[in-house]
Structures are given as C-alpha cells and as structure tokens.
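Line order of the protein sequences matches chains V and E. So for the first sequence, this note's numbering puts the first residue at 22; every next one is plus one. So for the second sequence, this note's numbering puts the first residue at 8; every next one is plus one. We put the beta carbon where it would ideally sit given N, CA and C, even for glycine. Here the structure is laid out as structure tokens; the discussion comes afterwards.
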Amino acid sequence: MSALLSKWFQTIKISWSNLLAYRLNFFLLIIGPAFVFFFVKYNLWYSIFQGDKTILVGGYTLEQMIHYQFFTLITALIAQSSNGMKLSSDIRLGRISVFLIYPFNFWQYHCAHFLAFQSIQVIVGLLSISIFYYLGLIYNLSMTSCIYGFSFCIIVGVLWFSIQYLIGLMAFWLEETWILRVSFLTISNFLSGAIIPLELYPKWLVNGLWYTPFPYLTFVPVKVFQGQFDMVNTAFFVIVFWTFVFACISYFTWRKGLRLYTGAGM
Amino acid sequence: MKNILKHYASVYHGFLQTSLSEATSFRLNFFLFIIMDIIFFCSSVMSVHIIYQHIEKIGIWSLTEFMFFLSFSLLVDQIHMAFIAENFWYFSDDIRMGNLDFFIIKPISTIFSVFFRHIRPASCINILFTGAYFVYCSKQAGLSNLFILVSPLFVILALLLMVSLEILLSCSMFFMVESMGINFLRMQFQKLSRWPDFVYGYMSQKVFTFAIPILLISNAPIKFLLNPTDITPLLYMLIAIVVTILLIRIAWAHGLRAYESVSS
C-alpha cells in the first residue's frame with residue numbers, strides 16, 4: 022500500500038516540477054486565458070449596463086453581473102484545469118508503450134498529473150479569491166459558501182478531467198484531438214453560463230440544458246459560491262453520474278483503442 | 008519584380024498542394040475542422056443575439072450594427088484560420104527543435120516560408136459561409152452595393168494588420184525555451200480584438216489602439232464603412248501596419264541572431 026502511495030506521490034511531485042519548470046509559459050497557457058476571458062466579459066457587461074447600477078438585465082443589476090463574472094473566473098481557474106493535451110500526444114507518439122509494462126498504468130499516471138495540476142489551480146483559485154475579497158470585488162462571501170464552492174469546483178474538476186481524458190483517448194483514431202477539445206470548450210463556454218448567465222437564455226433551452234452536464238460546469242458552481250445551496254445535493258449526484266458515464270465510456274474506448282495501437286514513433 | 012512575384016506564386020501553389028493532400032489524407036479531421044468552425048461561428052452569433060433579447064443597444068450600436076461588426080471580424084478570423092493560424096504553432100516547434108535551419112537556407116524569404124507554408128483547406132470551405140453572412144449583415148446595416156464590393160479590400164487590410172502583429176509577437180519565441188505560451192497570448196489578443204472598441208474602458212481602449220493596436224483590426228474598417236466621411240480610423244490602421252512591418256524587420260533580424268539552432 023505504501024509503495025503504491027509513494028508512486029502516486031512521486032508522480033505528482035514530478036508533474037509539479039514539469040508544470041512549473043517554465044513559469045511564464047504556465048502563466049500564459051493556464052492563468053492568462055482565464056483572466057483575459059474575464060477582462061473581456063467584465064468590459065462587455067459594463068458597457069451593456071452603460072455603468073448604470075439601477076438597470077436590470079435578465080434580473081441582474083450591474084453589480085450582480087460583475088459579481089457573477091468574478092465567480093465564473095474562480096470556477097474556471099479551479100475546475101477547468103485538465104486539458105488532455107499531453108495524453109493525446111502520448112498516444113500519437115507511441116509513448117504509451119512504456120505504460121503498458123510499467124507497474125503504474127496510463128490512467129494512474131494521467132490522474133496523478135491531473136491531481137498535481139488541480140492542486141496548483143486550487144492555490145491559484147485561493148489566491149485570486151483572497152485578492153478579490155480584499156479589494157472588495159467579491160462581497161457577501163461566507164466561509165460556508167467558500168468551502169462549499171471550492172469543494173464543488175474540485176468535483177467539477179474531476180468531471181472535467183473525465184471528459185478531457187475521453188477526448189484525449191480519441192487520439193487512437195484521430196490525428197489531432199485538439200479540434201475536439203476546442204469544440205467542447207467553445208460549446209461549454211456558451212452553454213455553461215460562462216459568458217451569459219443561464220437566466221438570460223430562452224426558457225426552452227435552459228430546460229433542455231439541465232439534462233446535460235453543461236450547467237454544472239460553471240453556472241451551478243457560481244451559484245454555490247454565491248450562497249445558493251438549494252441545488253447542491255442534486256447537482257452533486259448529477260456530476261457523479263456524468264463522471265461515471267464518461268469514465269465508463271473512457272474505459273471501453275481505451276480497451277478498443279489499445280487493439281488499434283501500433284506503437285508508432287517508438 | 009514580376010519574376011519574383013511569379014516565383015512566390017509558384018511556391019505558394021506548392022504549399023497549397025501539399026496542404027490539400029495532407030488534409031485529405033485524414034478525412035475525419037477534415038470534417039471535424041469544418042464542424043469546429045461552425046460551432047465557433049454559431050456560438051459567437053447566438054451569444055450576441057441572446058444579449059440583444061434583453062437590451063436595445065450595446066454602447067452606441069443596435070443589433071444590426073453589432074452583427075455587421077461581428078460578421079466582419081468572424082470573416083477575418085476565418086480567413087486567418089484557413090491560411091495563417093496553423094503556421095504559428097509549427098513555428099514554436101521549429102525553433103525548439105532546430106527545424107528553422109531548413110527555412111533559413113531556402114532561396115526565398117524566411118518569413119514567407121515560415122508563416123505561409125501550412126494552409127487548412129477545411130477552413131477555406133467555411134469562408135464561403137462567413138462571407139455570405141457578412142454580405143447579409145452588410146445589407147441589413149444599410150451598406151451600399153459599392154461598399155460591399157470594396158469591403159474585401161478592408162478584409163485584406165485587417166488581415167494584414169492582424170498577421171503582422173502576430174508575427175511581431177512571435178519573434179519573442181526566439182528568446183524563449185518553451186514558447187507555446189506565446190501562441191496562447193496571441194490567441195488572447197485575437198479574443199480582445201473581436202469586440203468593438205467602445206466596449207472597453209478609456210485606458211484599455213487607448214492601449215489596445217495605439218500601443219498594441221489590436222482593436223484597429225476590425226474597428227477601423229467597420230467605423231469607416233459605417234461613416235465614410237471620417238477616414239481617421241483607416242489612417243491609424245495604415246500607420247499601424249507600416250510601423251508593425253518595420254518593427255518585424257528589426258525583431259526578426261534580432262531573433263535570427265539569437266537563434267541557436269538547437270537539436271539540428
């Protein structure tokens with residue numbers, strides 16, 4: 022047991038070093054895009070409200086909308102950390118041959134890499150939320166909603182990882198999996214409430230969206246951060262359900278893909 | 008001069024042929040590229056439509072004017088994705104792996120062979136779609152047929168500014184060990200340039216118009232097309248293009264001197 026734990030710990034440690042080896046690159050790859058996305062949304066919504074704090078758009082005042090957007094940034098920083106980029110290149114370049122003989126398998130390795138990534142993102146998220154709170158940009162943040170919010174984002178992070186893992190496995194069939202990754206990111210940004218809160222969408226669309234994992238990727242975690250705990254229990258089970266679904270599909274995809282694997286590039 | 012142009016045209020023809028045969032070898036990828044572009048297009052258009060269901064205007068623009076701007080910016084983006092975008096990703100790899108050597112020794116401009124070599128044929132198909140949407144939005148915005156006919160010129164100008172700014176930014180890759188992040192920064196600049204300038208605050212507007220003129224890419228041509236009596240934005244754009252090209256010459260020369268040809 023301790024030997025297995027040690028393998029996990031060492032892999033996480035190595036992943037930490039790899040991720041932080043080029044810090045500017047890490048910032049530009051992971052943290053920069055989330056902040057630029059927020060910067061655009063902040064300016065856009067400020068311009069829509071024309072700086073007027075009394076106007077209501079879809080039931081939101083300017084202050085509430087900016088508050089919502091701050092929490093979408095925090096959610097993106099914590100939950101959307103995994104990208105499966107390394108995973109697909111491992112398959113395409115024939116590097117998984119090593120994992121087939123190692124006592125630490127492919128999934129374990131990438132899961133450990135994800136945990137390393139996630140832990141860095143939690144620190145970045147904590148730092149960001151502290152700075153925003155200190156500057157008064159986030160208000161009414163209780164310790165309970167903060168703990169619930171962070172825990173919820175970590176669970177969403179696991180769902181995000183399971184989706185990205187499945188997309189990465191498509192490298193058994195596809196030359197480039199980034200196309201699927203970018204497509205999924207575009208759809209999820211649009212349908213998860215990352216740009217526009219779901220209250221502003223047509224009702225028929227929102228009703229349909231609740232049957233998909235999208236609202237749980239951004240909208241629900243933001244609401245949890247804002248202290249709305251009424252949907253926490255249901256949301257938790259829904260996320261676990263979707264994670265299980267994607268994990269099962271990944272398992273069968275891996276088995277099917279492995280049969281096609283030729284070890285190209287070895 | 009004529010011979011040089013002919014030579015470059017024949018080289019570009021070669022680039023087109025290799026890109027096409029490469030793209031058709033992976034057919035599923037080819038179709039996925041088309042789907043990805045359609046998803047991006049639809050999500051951008053629908054986002055703006057959803058916002059306008061709750062308001063009359065954003066800044067000074069109604070839905071028609073905003074969609075005209077958006078369609079122009081999406082068209083520029085689509086052409087960029089089809090003919091240029093892919094090359095920036097290869098460039099960072101080429102520097103890291105020392106493959107740039109093979110471009111430097113070729114008897115044509117290195118910048119040309121580095122940034123115009125890879126073409127994405129799947130995205131070319133979607134240019135027709137975004138182009139048609141741009142014409143539709145131009146009509147909706149009340150643009151005359153004459154202006155619609157000359158608008159390709161503005162698309163080229165916007166593309167020229169966008170690409171030259173990106174090449175200038177990419178010159179920083181020469182000085183970095185891992186330069187993937189620069190490509191992400193480039194994409195963030197694109198993201199910023201897709202919105203009208205009045206969306207941004209005073210300081211951001213000034214910075215992104217004069218210091219890093221990304222807001223001029225779509226804003227200058229659209230402002231001119233909507234109000235042809237004011238040529239100031241177009242003048243700014245032309246100045247920005249000239250200055251950026253001059254800076255590229257300096258930065259590229261410095262970059263090549265710093266290039267260590269690692270792994271080659």
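Grab me the residues of residue i's own chain with a C-beta within less than 8 Å of its C-beta, minus the 5 sequence neighbours each way, in chain order.
i: M287 (chain V); result: Residue confidence for M287 (chain V) is low, a pLDDT of 49 falling below 50, so the modelled location carries little weight; the figure read from the coordinates is stated next. Closer than 8 Å at Cβ, skipping near neighbours: G115, S118.
i: I238 (chain E); result: F231
i: P235 (chain E); result: F154
i: M183 (chain E); result: I189
i: M22 (chain V); result: none
i: I252 (chain E); result: S171
With distances taken from CA atoms, which of the options is nearest residue i?
i: I134 (chain E); options: E:F141, E:Q85, E:S50; result: E:Q85
i: S271 (chain V); options: V:V243, V:A133, V:L190; result: V:L190
i: S268 (chain E); options: E:Y140, E:D108, E:P114; result: E:D108
i: F92 (chain V); options: V:L45, V:K28, V:V261, V:F56; result: V:F56
i: S99 (chain E); options: E:N36, E:C178, E:M194, E:H261; result: E:C178
i: I126 (chain E); options: E:I174, E:F75, E:T71, E:Y19; result: E:Y19
i: V179 (chain V); options: V:I99, V:C167, V:W37; result: V:I99
i: K113 (chain E); options: E:A129, E:Y15, E:A260, E:H261; result: E:Y15
i: I91 (chain E); options: E:M180, E:H56, E:V170, E:L253; result: E:V170
i: L166 (chain E); options: E:S130, E:M53, E:F110, E:L82; result: E:L82
i: M104 (chain E); options: E:S26, E:W259, E:F181; result: E:F181
i: I216 (chain V); options: E:A260, E:L175, E:E185, E:S54; result: E:S54
i: Y266 (chain E); options: E:L168, E:F110, E:R124, E:L223; result: E:F110
i: Y207 (chain E); options: V:G72, V:L238, V:I52; result: V:G72
i: C131 (chain E); options: E:Q147, E:A89, E:N106; result: E:A89
i: F47 (chain V); options: E:I62, E:L192, E:S50, E:N10; result: E:L192
i: G248 (chain V); options: V:Y160, V:I76, V:K74; result: V:Y160
i: I150 (chain V); options: V:L77, V:D251, V:V243; result: V:V243
i: A289 (chain V); options: V:K277, V:F258, V:F138; result: Coverage of chain V is limited to positions 22 through 287, which leaves residue 289 (chain V) absent and any answer about it impossible.
i: Q185 (chain V); options: V:L26, V:I95, V:L195, V:F267; result: V:F267
i: E29 (chain E); options: E:S78, E:F79, E:I115, E:R124; result: E:R124
I'd like to know whether the C-beta of residue i is nearer than 8 Å to at least one C-beta of chain V.
i: L192 (chain E); result: yes
i: L77 (chain E); result: no
i: W68 (chain E); result: no
i: E63 (chain E); result: no
i: S130 (chain E); result: no
i: F40 (chain E); result: yes
i: S189 (chain E); result: The sequence given here places Ile at residue 189 (chain E); Ser does not occur at that position. Taking Cβ atoms only, chain V reaches closer than 8 Å to I189 (chain E), which makes this a yes.
i: F90 (chain E); result: no
i: F136 (chain E); result: no
Is there a C-beta anywhere in chain E that falls below 8 Å from the one on residue i?
i: G79 (chain V); result: yes
i: P234 (chain V); result: no
i: M287 (chain V); result: Per-residue confidence for M287 (chain V) stands at a pLDDT of 49, beneath the threshold of 50, marking its modelled position as unreliable; no derived number is given.
i: V243 (chain V); result: no
i: V177 (chain V); result: no
i: S36 (chain V); result: no
i: G53 (chain V); result: yes
i: Y160 (chain V); result: no
i: T207 (chain V); result: yes
i: Y222 (chain V); result: yes
i: E196 (chain V); result: yes
i: V203 (chain V); result: yes
i: F211 (chain V); result: yes
i: V61 (chain V); result: yes
i: I184 (chain V); result: no
i: S151 (chain V); result: no
i: Y43 (chain V); result: yes
i: L219 (chain V); result: no
i: N228 (chain V); result: no
i: I216 (chain V); result: yes
i: N39 (chain V); result: no
Residues in its own chain within less than 6 Å of residue i by CB, not counting five upstream and five downstream?
i: F217 (chain E); result: none
i: G79 (chain V); result: E220, L221
i: F196 (chain E); result: I221
i: K28 (chain V); result: F125
So, at 7 Å on beta carbons, what are the nonlocal neighbours of residue i in its own chain, with the 5 sequence-adjacent residues on each side left out?
i: Y154 (chain V); result: L162
i: V177 (chain V); result: A100, Y237, L238, P242, I260
Jot down the residue ranges of each uninterrupted alpha helix (DSSP H) in the region 85–153 of chain V, minimum 4 residues, whole runs only, in chain order. 106–113, 117–122
If you pair each beta-carbon of the region 58–77 of chain V with each one of the region 196–215 of chain E, do three or more pairs fall below 8 Å? The region 58–77 of chain V makes contact with the region 196–215 of chain E, as at least three CB pairs between them are under 8 Å.
Using 8 Å as the Cβ pair cut-off and three pairs as the minimum, do the region 215–228 of chain E and the region 67–83 of chain V touch? These segments do not touch.
Entirely enclosed beta strand (DSSP E) segments - the region 177–228 of chain V, minimum 3 residues: none
Can at least three beta-carbon pairs, one atom from the region 255–275 of chain V and one from the region 227–242 of chain V, be found at a separation below 8 Å? yes
List in chain order: all unbroken alpha helix (DSSP H) runs of 4+ residues lying wholly within the region 133–193 of chain E. 152–177
So within the region 28–96 of chain E, which uninterrupted alpha helix (DSSP H) runs reach at least 4 residues, ignoring any that extend past its ends? 34–59, 70–90
With a cut-off of 8 Å, do at least 3 Cβ pairs link the region 191–211 of chain V to the region 123–130 of chain V? no
Taking one C-beta from the region 30–47 of chain E and one from the region 33–44 of chain V each time, how about it: are there three or more such pairs within less than 8 Å? With the cut-off at 8 Å, the region 30–47 of chain E and the region 33–44 of chain V do not touch.
At a cut of 8 Å, does the region 128–139 of chain V reach the region 23–36 of chain V through at least three beta carbon pairs? yes
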